[in-house]
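Protein sequence lines correspond, in order, to chains A and B. If you read the first sequence in numbering that gives the first Met the number 0, its first letter stands for residue 0, the second for the next number, and so on. If you read the second sequence in numbering that gives the first Met the number 0, its first letter stands for residue 0, the second for the next number, and so on. Beta carbons: idealized from backbone N, C-alpha and C, even for Gly. On a predicted model such as this, the values are computed, not experimentally measured, just so you know.
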Amino acid sequence: MKATKNEDSRDVLTLGGREFSSRFILGSGKYSLSLIRAAVEEAGAQMITLALRRAERGGVENILDYIPEGVVPLPNTSGARTAEEAVRLARLARELGCGDFVKIEVIRDSKYLLPDNHETVRATEVLAAEGFVVMPYMYPDLNVARDLQDAGAACVMPLAAPIGSNRGLVTMDFIRILVEEIDVPVIVDAGIGRPSQACEAMESGVAAIMANTAIATAGDLPAMAGAFRKAIEAGRAAYLAGFGRVLDTADPSSPLTGFLRDDDA
Amino acid sequence: MVQPDDLEAIPSDVMERVLPLAEAYDAGAWSEKRVLRAIYAAQRSVSDFAALLSPAAAPLLEEMAQAARDETRCRFGNSVSLFTPIYISNHCENQCVYCGFNARNRIRRTHLPASGVESEMRAIAESGLREILILTGESRVKSNVEYIGAACEIARKYFRAVGVEVYPMDIAGYAHLLARGTDFVTVFQETYDPVRYGEVHPGGRKRVFPYRFNAQERALIAGFRGVGFAALLGLSDFRKDAFATGLHAYFIQRKYPHAEISFSCPRLRPIKGGSAFRFSSLTEAELLQVICAYRLFMPFANITLSSRENARFRDNVVGIAATKISAGVSVAVGGHSGLEKSDGQFEIDDARSVDEIRRMLASRGLQAVMSDYL
């Protein structure tokens, strides 16, 4: 996807018809609910994921009670092993009042938590047809990304490395291919461990970053959320500015072809 | 170890893979240097796990605990799930010499009717808990599959996650429980040493070692998403038993990659009427070593802390490796609603309420998760 600015030059991320000035989607799964507000504020996030399996209206320690007003909740279908289970969870999320945004996670590997791309496409087809704004977590495979786009996904969310690993941009070469070939926003999800990695991904033209563990496991959680915000903004700004060329060698001040312009040539 | 024909056999090589490795485990074969390599390995092998369980790792327990805590945080953040066990029947046909429910033990036996199960569930749910573990003694007559299934169905009305820790059953039995809303199956193998297993299980169906060993696999074949493993540490050589428990889970996960794996880490505890049974108790440091070894070997597994352990131990270990902790525990049948009272299976050492456990977690920077499943 190429960088696009609105006619009025605002740089916004558009998902499901909504515009977001923030390109940082914050996770909420691995830290105390009481820290969510501070993390959101420092992150400048306008969207926060939540595991539907931890949401319960009226229940004790209910995550829905902690999401600040104006921040779009992005319920995920974690726990789903099949497309059918993901669809069921998404519908429950809507019934719970979480809105139409849903992040599809279909995982049937308990060790690496790698997404099942095939089931993810199936779930996307059903949910997009039901009017959900479908944001599918996926392994960065170009053919699957095209299928997800055709199925009506609002974006694709390739993993950079296994969830929670903080291992960084392990799959970045393949994510770059998606950025080049896919028209919907490419949002890097999972594996990013440092702000510098978020920045590098953004420099490559991805539309947004989703991060959780890197922030949740930081010594100072809100401060790390703030550091990610700055890195993401810097990466985006650099991408929009356009990079100068990169050379392996110095640019010679005495060009090899200079003799052609010599007076006595 | 031949299994009687009336017990279901499944084609599985898991036991054949686990037992020889466990039998060959040599606790003295490891050096501190080798243990350090295991602690700091990016991915840990079966050999690493063996080293982590060895006496050579004991002086490195602090390093193990720190690495275990880092793995736990990366994988689970600061979330700790709360649950409570509910005992619905303590009738038992087995004669486990270490257990308070032993068929020959003269204790008060109780069997909750459906109305009693409902009262108990309601009382527990009022505490805010959304996950429950249903347990019975191992009487297939007093608590048959239909009875347990009916209890699971009642539990489903009040809880988001329902686990069972009951006698091993055939695939059809597990399918029955699954259809009634059960999510997880836990079976303690007690000990993975077949000889010792025979000694401490002199009577009852439980004598059949392979049928118990293959219980988790039958549950997964029936369609369960999660299975739990444990050895009752102290019954036999605890290092071998912990090694075998990890291997059992390891080979099951390789064969069923979707399976959510969990470990329980019970130590033998004194029981009512069991004073004649002698066992070698683990120290707290040894128990912590086992727990950390499980975490480092399988960073993605759930680890449950038993209320057999005291509050001090639980409060500290929950921040290192555990992902699930019991709260508001009664091990007596009918103990939650005050309906009926029986004798418990073992003595608990941490009787704190759900609120007390929540406060303890919060004071340690951890968050109580009441619901982690839909």
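Out of curiosity, what's the CA-to-CA distance linking A:E94 and B:M120?
So the two alpha carbons sit approximately 26 Å from each other.
Between the Cα of A:S31 and the Cα atoms of A:G43, A:I62, A:I103, which residue gives the shortest distance?
When only C-alpha atoms are compared, the closest one is A:I62.
Quick one: is B:V368 near chain A, going by C-beta distance under 9 Å?
Yes, contact with chain A.
Cβ closer than 7 Å: which chain D residues qualify as neighbours of A:A215?
Among the protein chains in the structure shown, which are A and B, there is no chain D.
Assign B:H90 to one of three DSSP states: helix, strand, or coil.
Reduced to three states, the DSSP call for B:H90 is coil.
If the criterion is Cβ atoms closer than 9 Å, does the pair A:V235 and A:A44 meet it?
The displayed chain sequence assigns Arg, not Val, to residue 235 of chain A. Going by C-beta atoms, A:R235 is not nearer than 9 Å to A:A44.
So, at 8 Å on beta carbons, what are the nonlocal neighbours of A:M0 in its own chain, with the 5 sequence-adjacent residues on each side left out?
Residue placement at A:M0 cannot be trusted, given a pLDDT of 46 that sits under 50; the coordinates are not used to answer.
Can you pull the chain B residues whose beta carbon is under 8 Å from the beta carbon of A:T212, in chain order?
Correct list: C73, G76.
Using DSSP bridges, identify the partner residues of A:P74.
Paired residues: A:L49.
From the DSSP output, in three-state form, read off A:Y136 for me.
DSSP places A:Y136 in strand when its eight states are reduced to three.
Using only CA atoms, which one of B:I302, B:A218, B:A248 lies nearest to B:P265?
With distances taken between Cα atoms, B:P265 lies closest to B:I302.
Verify whether the separation of the beta carbon atoms of A:S77 and A:I35 is less than 9 Å.
Cβ atoms of A:S77 and A:I35: not closer than 9 Å.
Closer than 8 Å by beta-carbon distance: list the chain B residues that pair up with A:G190, in chain order.
None at all; the shortest Cβ gap to chain B is about 11 Å.
Can you pull the chain A neighbours of B:D371, defined as C-beta to C-beta under 7 Å?
Residues of chain A passing the Cβ test: R52, R53.
Is the stretch 276-289 of chain B close to the stretch 80-93 of chain B, with three or more CB pairs under 8 Å?
No, they do not touch.
Can you tell me where the beta strand (DSSP E) holding B:N301 begins and where it ends?
That run of the beta strand (DSSP E) goes 301-304.
In chain A, which residues lie with their C-beta within 8 Å of the C-beta of B:P10?
Within chain A, no residue comes near B:P10; the closest Cβ sits about 22 Å away, beyond 8 Å.
Note the first and the last residue of the continuous beta strand (DSSP E) segment covering A:R17.
Looking at the DSSP string, the run of the beta strand (DSSP E) that includes A:R17 is 17-19.
Got a sec: which bits of the stretch 253-268 of chain B sit with their beta carbon under 8 Å from any beta carbon on chain A, in order along the chain?
If the cut-off is 8 Å between Cβ atoms, the stretch 253-268 of chain B has P256, H257, A258, E259, I260 near chain A.
With H, G and I counted as helix, E and B as strand and the rest as coil, what does DSSP make of B:R266?
B:R266: strand per DSSP, three-state reduction.
Tell me B:H110's beta-bridge partners as DSSP assigns them.
Note: B:H110 sits in a beta bridge opposite B:S88.
Please classify A:Q196 as buried or exposed, where buried requires at least 16 neighbouring CB atoms within 10 angstroms.
That one is buried.
Using CA atoms only, rank isn't needed, just tell me which of A:L51, A:A89, A:P251 is closest to A:P129.
It is worth fixing the name first, because residue 129 of chain A is Glu in this sequence and not Pro. Nearest option by C-alpha distance: A:A89.
Listing by chain order, which chain A residues have their CB less than 7 Å from the CB of B:F299?
In chain order: S109, K110.
Per DSSP, B:F158 forms a beta bridge with which residues?
According to DSSP, B:F158 bridges with nothing at all.
Distance, Cα to Cα, B:I290 vs B:L360?
In a straight line, the C-alpha of B:I290 is about 19 Å away from that of B:L360.
How is B:A37 classed by DSSP in three states: helix, strand or coil?
Helix.
So what's A:P114 in DSSP terms, helix, strand or just coil?
Strand at A:P114.
Going along chain A, which residues have a C-beta under 9 Å from B:R363?
Those within 9 Å of B:R363 in chain A number zero; the least Cβ separation is about 11 Å.
Can you find a CB in chain B that lies within less than 9 Å of the CB of A:G78?
Interface residue, yes.
Report the residues of the stretch 228-245 of chain A with a CB closer than 7 Å to any CB of chain B, ordered along the chain.
Those residues of the stretch 228-245 of chain A that come within reach of chain B (Cβ to Cβ, closer than 7 Å) do not exist; the list is empty.
Note down, in chain order, all residues in the stretch 153-179 of chain A with a beta-carbon under 8 Å from any beta-carbon belonging to chain B.
Under the 8 Å Cβ criterion, the stretch 153-179 of chain A contributes G163, S164, N165.
Under 8 Å, with one C-beta from each stretch per pair, do the stretch 318-328 of chain B and the stretch 117-137 of chain B reach the 3-pair mark?
Segments in contact, yes.
Just to confirm, are A:G230 and A:I214 a CB contact at a threshold of 9 Å?
This sequence places Ala at residue 230 of chain A; Gly is not what is there. Not closer than 9 Å, so no.
Going along chain A, which residues have a C-beta under 8 Å from B:R224?
Result: R80.
Nearest to B:T44 by alpha carbon, out of B:L365, B:P298, B:V368, B:V332?
First, the amino acid is wrong: residue 44 of chain B is Ser here, not Thr. The shortest C-alpha separation from B:S44 is found at B:P298.
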